[in-house]
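Quick note on numbering: the sequence shown equals residues 1 to 114 in UniProt numbering.
The C-beta atom is built at its ideal place from N, Cα and C for all residues, glycine as well.
Okay, structure first, notes after.
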Amino acid sequence: MATRRNVSKEEKKTEDASASLPAVLPRAMQAEKMKNNPGPAIPNDVLFKLFGFTLAMLIGPIGCYYLSTNYIFPGSTVLGASIAAVMANVVLFAFVIVAMREPDDDSPDSRKNK
Numbered sequence: 001m002a003t004r005r006n007v008s009k010e011e012k013k014t015e016d017a018s019a020s021l022p023a024v025l026p027r028a029m030q031a032e033k034m035k036n037n038p039g040p041a042i043p044n045d046v047l048f049k050l051f052g053f054t055l056a057m058l059i060g061p062i063g064c065y066y067l068s069t070n071y072i073f074p075g076s077t078v079l080g081a082s083i084a085a086v087m088a089n090v091v092l093f094a095f096v097i098v099a100m101r102e103p104d105d106d107s108p109d110s111r112k113n114k
């Protein structure tokens, strides 16, 4: 069985105040909200590396596949696929090497230099 809840006048006022806010904030309020929360601070060089390796992973293996099946080994799709797989592993290995060489902000050496 359902019971009736007694709502005080104070609770009604807070509910009415929240209901009166617009669903979409005006541009001035959005800009003020963005000043308080600028979002994640990702350095530009990290984004450029990620974008570059993403392009390399898309273009490299596919390009090697079509180059090898059309010009190097005409008609042999197995060799083309093998070369494309090797190329994908090369790009992945290069990404890991670049990521390992990137300086770590939490390392003790970087704290001493600051």
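Exercise. Please name the residue, chosen from Asn6, Thr54 and Asn44, that lies closest to Ala88 on a Cα-to-Cα basis.
Key: When Asn6, Thr54 and Asn44 are compared, the shortest CA-CA separation from Ala88 is found for Thr54.
Exercise. Indicate whether at least one CB of chain C lies closer than 8 Å to the CB of Ala88.
Key: No chain C is part of this structure, which consists of one protein chain only.
Practice problem: Under the assumption that Gly60 contacts Val96 (Cβ atoms under 8 Å), give the Cβ distance between them as a whole number of angstroms. | Solution: Cβ atoms of Gly60 and Val96 stay farther apart than 8 Å, at about 15 Å.
Practice problem: Give the range of the alpha helix (DSSP H) segment to which Phe51 is assigned. | Solution: Where Phe51 is concerned, the enclosing alpha helix (DSSP H) stretches over Asn44 to Leu67.
Quiz item: Excluding five sequence neighbours on each side, which residues of the same chain lie with their C-beta closer than 8 Å to the C-beta of Tyr66?
Solution: Hits under 8 Å: Gly80.
Exercise. Pull up the distance between the alpha-carbon of Gly75 and that of Ser68, whole angstroms please.
Key: Taking the straight line joining both Cα atoms gives about 9 Å.
Quiz prompt | Ala84 classed as buried or exposed, judged by whether at least 16 other C-beta atoms fall within 10 angstroms | solution = By the 10 Å Cβ count, Ala84 comes out buried.
Quiz item: For the putative contact between Lys49 and Val86, defined by C-beta atoms under 8 Å, what is the C-beta separation to the nearest angstrom?
Solution: Between Lys49 and Val86 the beta-carbon gap is near 22 Å, outside 8 Å, which marks them as no contact.
Self-check item: Ser76 in three-state terms, based on DSSP
Solution: Looking at Ser76 - three-state DSSP - the assignment turns out to be coil, as it is neither helix nor strand.
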